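Okay, so the sequence shown: first residue is 1486 according to the numbering used here, each after it adds one.
All residues carry an ideal CB built from backbone N, CA and C; glycine is no exception.
A quick note: this is a predicted structure, and the numbers were derived from the prediction, not measured.
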Amino acid sequence: MSGIYIHIPFCKQACHYCDFHFSTSLASKSNLVSAITKEIILRKSEIPKDVKSLYIGGGTPSLLSLQELTTIFHSLEKVIELRNLNEITLEINPEDINEEKLDHFKALGINRLSIGVQSFDNKVLKWMNRIHSNQQIIDGLNLIKKYKFEDISIDFIYGTPSFLNRNYGIEISSILEFDPSHLSCYLLTIEEGTYFGHLEKKNELKSINDLQSEQEFLWLSNKLQSKGYDHYEISNFSLNGKYSFHNSNYWKRFSYIGFGPGAHSFIQRKRRWNISNNAQYIKKIDLENVFYQEEKLTTNDFINEIIMLGLRTKNGFNLETVFKNTNADNKSRLIEKIKELINKKLIIQKQDYIIMRKEKWLLSEYVSIELFTI
Ligand code: SF4
């Protein structure tokens, strides 16, 4: 089953940790919406037939006016049957939640909201340069509850420096009071090109150490599991089977098509990424010039993705699928490597599946690289 992703590259202000593609200048917003609607029509024939999910992310999609969002939905209706989709997700920030928007989202068929909460602590929010306050989160989540959205996902960031003195127990309890069906908990990483990256270069900020990260990760995992959440992917937790259908399809390497600047697509072993520059994207779409780069995955790339994406999930990756697609040399090297990583207590083998040990899950990237075929 395939999915559609739409990238809305605007934000009111830049969060200090964020390296996504976005602009804080909203001047080109309506031109960009027109360009996205044109891209949808231009690429109509590439849209996989079995699309079952739509995810509108960013950036901050909740910055779109109701008219702009409707325009995007109208152009999607020309190319797919929106009513046949299992899941339509929209990312929304707490400060944008109001009755008018929620009414409109319902009318458009949006059945899942992903809310950028990040923390319940005002000093942490301020430190990250988030716009919203703890009170806006509470008001927004109460309103969403009133509107009875089927699925609510909350984004949360942990692994912040200890001088912030966070009380994760209180923050998580505050979140759970709203019974979200899904939580995405991300370890803060300091990325080059962000304000935090700039501070790190000047030795004014550094990431917490691996032991601390592991302790916070395990605390969150155990806490949420004790409340009935299934820790189904390294950063994701679902209640009553309400996992993210759209994102789960990424991890299963199903096809997806992405519209908008910086959006990625993956169709028939081809990866494509649109230009990450709003002005150039608008211009190139207008002139119908090439607005993307693409590459065809080699067999090794294909296997490495199975390994890397599988290790992010609680089910791991299927060894037989990997063996079927690789040569004898790679196969014997993998068998040795797997033995070594099992002895190091990083992974386990369950029948044909190789799975990260939960307490070492944060090392999945390192383990993937160790297992990569070349
Ligand atoms: S974290 Fe979200 S709201 Fe903040 S800058 Fe990044 S995309 Fe925008």
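Report task. Grab the span of the alpha helix (DSSP H) containing M1793 for me, first residue to last. Result -> Within the sequence shown, residue 1793 is the residue found at index 308, counting from 1. Note, M1793: alpha helix (DSSP H), T1784 to L1796.
Report task. Check the C-beta distance from C1503 over to T1545 and give it rounded, since I have them as a contact under 8 Å. Result -> Looking up residue 1503 in the sequence shown gives position 18. Looking up residue 1545 in the sequence shown gives position 60. T1545 and C1503 do not touch by the CB rule: their CB atoms are close to 11 Å apart, not below 8 Å.
Requested in this report: Can you tell me the Cβ-Cβ gap for P1826 and V1852, rounded? I've got them flagged as a contact below 8 Å.
Outcome: Within the sequence shown, numbered from 1, the residue matching residue 1826 stands at position 341. Within the sequence shown, numbered from 1, the residue matching residue 1852 stands at position 367. The residue you asked about is not Pro; residue 1826 is Leu in the sequence shown. L1826 to V1852, Cβ: 6 Å. Contact.
Report task. In the DSSP assignment, find the unbroken beta strand (DSSP E) run with L1561 in it and report its ends. Result -> Here residue 1561 corresponds to residue number 76 of the sequence shown, with the count starting at 1. Counting along the chain, L1561 falls outside any beta strand (DSSP E), though it belongs to the alpha helix (DSSP H) covering L1551 to E1562.
Requested in this report: Would you kindly check if the distance between the Cβ of D1636 and the Cβ of N1583 is under 8 Å?
Outcome: Sequence index remark: in the sequence shown, residue 1583 carries index 98 (1-based). Sequence index remark: in the sequence shown, residue 1636 carries index 151 (1-based). When the beta-carbon positions are compared, N1583 and D1636 stay at least 8 Å from each other.
Report task. For the beta strand (DSSP E) holding Y1540, just list the boundary residues, first then last. Result -> Your numbering for residue 1540 matches position 55 in the sequence shown. Note, Y1540: beta strand (DSSP E), V1536 to G1543.
**Report entry** Cβ distance (whole Å) where K1845 is taken to contact L1856 below 8 Å
**Finding:** For the purposes of this step, residue 1845 is identified with residue 360 of the sequence shown, where counting begins at 1. For the purposes of this step, residue 1856 is identified with residue 371 of the sequence shown, where counting begins at 1. For a cut-off of 8 Å, the C-beta gap from K1845 to L1856 is around 14 Å, too long to register as a contact.
Query raised in the report: Comparing the CB of N1763 with every heavy atom of the ligand SF4, is any distance shorter than 7 Å?
Result: Position 278 of the sequence shown holds residue 1763. No, Cβ of N1763 sits at least 7 Å from all heavy atoms of the ligand SF4.
Query raised in the report: Are any of the Cβ atoms in chain B nearer than 8 Å to that of D1771?
Result: This model lacks chain B altogether, as it is built from one protein chain only.
**Report entry** G1544 Cβ short of 7 Å to the ligand SF4 heavy atom set
**Finding:** As a position in the sequence shown, residue 1544 is number 59, starting the count at 1. The ligand SF4 has a heavy atom closer than 7 Å to the beta-carbon of G1544.
Query raised in the report: Does the ligand SF4 have a heavy atom nearer than 7 Å to the CB of G1795?
Result: Residue numbering aside, residue 1795 sits at position 310 when the sequence shown is read from its first letter. No, since every heavy atom of the ligand SF4 falls outside the 7 Å radius drawn around the Cβ of G1795.
**Report entry** Assigned exposure category for L1724 - 16 Cβ within 10 Å defines buried
**Finding:** For the purposes of this step, residue 1724 is identified with residue 239 of the sequence shown, where counting begins at 1. That one is buried.
**Report entry** Near the ligand SF4: C1503 beta-carbon under 7 Å from a heavy atom
**Finding:** Along the sequence shown, read from residue 1 onward, the residue named residue 1503 stands at position 18. C1503: yes, Cβ under 7 Å from the ligand SF4.
Query raised in the report: Got a sec: does the ligand SF4 put a non-hydrogen atom nearer than 7 Å to the Cβ of G1625?
Result: Here residue 1625 refers to the residue found at position 140 when the sequence shown is read from its first residue. Every heavy atom of the ligand SF4 is 7 Å or more from the Cβ of G1625, so no.
Report task. Compute the minimum distance between the beta carbon of C1496 and the heavy atoms of the ligand SF4, and state whether it is under 7 Å. Result -> The residue given as residue 1496 occupies position 11 in the sequence shown. C1496 Cβ: within cutoff of the ligand SF4.
**Report entry** DSSP-derived helix/strand/coil call for D1664
**Finding:** For this step, residue 1664 is matched to residue 179 along the sequence shown. Here D1664 sits in coil by DSSP.
Report task. Measure the alpha-carbon distance for N1442 versus I1791 and round it to whole angstroms. Result -> Because the chain spans 1486 through 1859 in this model, residue 1442 falls outside it and cannot be assessed.
Query raised in the report: Can you tell which of I1491, H1589 and V1602 has its C-alpha closest to the C-alpha of H1506?
Result: Taking the first residue of the sequence shown as 1, we reach residue 1506 at position 21. The candidate whose alpha carbon is nearest that of H1506 is I1491.
**Report entry** Unbroken stretches of the beta strand (DSSP E), 3 residues or longer, contained in the segment 1614-1649
**Finding:** For the segment 1614-1649, whole beta strand (DSSP E) runs of length 3 or above, ordered along the chain, are 1636-1643.
Requested in this report: Using three-state DSSP, classify Q1753 as helix, strand or coil.
Outcome: Taking the first residue of the sequence shown as position 1, residue 1753 is located at position 268. Q1753: coil per DSSP, three-state reduction.
Query - Bridge partners - K1835, DSSP secondary structure assignment - result: Position 350 of the sequence shown, counted from the start, is the residue given in the question as residue 1835. DSSP, once it has assigned bridges, lists Y1838 as partnering K1835.
Report task. Say yes only if the C-beta of G1682 is nearer than 7 Å to one or more non-hydrogen atoms of the ligand SF4, and no if none qualify. Result -> Position 197 of the sequence shown, counted from the start, is the residue given in the question as residue 1682. Checking the 7 Å criterion, the Cβ of G1682 is out of range of every heavy atom belonging to the ligand SF4.
**Report entry** S1723 in three-state terms, based on DSSP
**Finding:** Counting from 1 along the sequence shown, the entry for residue 1723 is found at position 238. Judged by DSSP in its simplified three-state form, S1723 adopts strand.
Query raised in the report: In three-state terms, what does DSSP make of N1812?
Result: Translated into positions along the sequence shown, residue 1812 becomes position 327. N1812: coil per DSSP, three-state reduction.
Query - Simplified DSSP state of R1818, which is helix, strand or coil - result: Along the sequence shown, read from residue 1 onward, the residue named residue 1818 stands at position 333. Of the three classes helix, strand and coil, the one that applies to R1818 here is helix, per DSSP.
Report task. Identify, in the order they occur along the chain, each residue of the same chain with its Cβ nearer than 7 Å to the Cβ of H1731, setting aside the five sequence neighbours on each side. Result -> Translated into the one-based positions of the sequence shown, residue 1731 becomes position 246. G1488, S1538, Y1540, E1572 and T1574, listed in sequence order.
Query raised in the report: Should E1701 go down as buried or exposed, given a rule of 16 or more other Cβ atoms within 10 Å for buried?
Result: Counting from 1 along the sequence shown, the entry for residue 1701 is found at position 216. That one is buried.
Requested in this report: Have a look at Q1765, F1681 and K1816 and flag the residue whose alpha-carbon is nearest the alpha-carbon of L1673.
Outcome: Residue mapping note: residue 1673 aligns to position 188 of the sequence shown, counting from 1. Nearest C-alpha to L1673 among Q1765, F1681 and K1816: F1681.
Query - Beta-carbon separation (whole angstroms), E1656 vs D1606, contact threshold 8 Å - result: On the sequence shown, position 171 is the one that residue 1656 refers to. On the sequence shown, position 121 is the one that residue 1606 refers to. Between E1656 and D1606 a beta carbon distance of about 6 Å is seen, short of the 8 Å cut, so the two are scored as contacting.
**Report entry** Cα-Cα separation, F1590 to K1687
**Finding:** By 1-based counting over the sequence shown, the position of residue 1590 is 105. By 1-based counting over the sequence shown, the position of residue 1687 is 202. Distance from the CA atom of F1590 to the CA atom of K1687, rounded to whole angstroms, is 44 Å.
Query raised in the report: So, T1555 versus L1593, is the Cβ gap smaller than 8 Å?
Result: Start at 1 with the first residue of the sequence shown, and residue 1555 comes out as number 70. Start at 1 with the first residue of the sequence shown, and residue 1593 comes out as number 108. Their beta carbons are under 8 Å apart, which means T1555 touches L1593 by this criterion.
Query raised in the report: Using a Cβ-Cβ cut-off of 7 Å (strictly less than) and excluding sequence neighbours within five positions of K1691, which residues of its own chain qualify?
Result: Working through the sequence shown from its first residue, we reach residue 1691 at position 206. Exclusion of the five residues before and after K1691 leaves E1685 as the residues of its chain whose Cβ lies within less than 7 Å of its Cβ.
Requested in this report: Determine the DSSP secondary structure at G1747, reduced to helix, strand or coil.
Outcome: Here residue 1747 refers to the residue found at position 262 when the sequence shown is read from its first residue. Here G1747 sits in coil by DSSP.
Report task. Can you give me the start and stop residues for the beta strand (DSSP E) that Q1778 sits inside? Result -> Position 293 of the sequence shown, counting from 1, holds the residue named residue 1778. For Q1778, the enclosing beta strand (DSSP E) begins and ends at Y1777 to K1781.
Query - For Q1836 and N1762, the rounded distance between their alpha carbons - result: Numbered from 1 along the sequence shown, position 277 holds the residue referred to as residue 1762. Numbered from 1 along the sequence shown, position 351 holds the residue referred to as residue 1836. Straight-line spacing of the CA atoms in N1762 and Q1836 works out to 46 Å.
Query raised in the report: Do three or more CB pairs link the segment 1514-1525 to the segment 1750-1767 at distances below 8 Å?
Result: Output reads yes: the segment 1750-1767 touches the segment 1514-1525.
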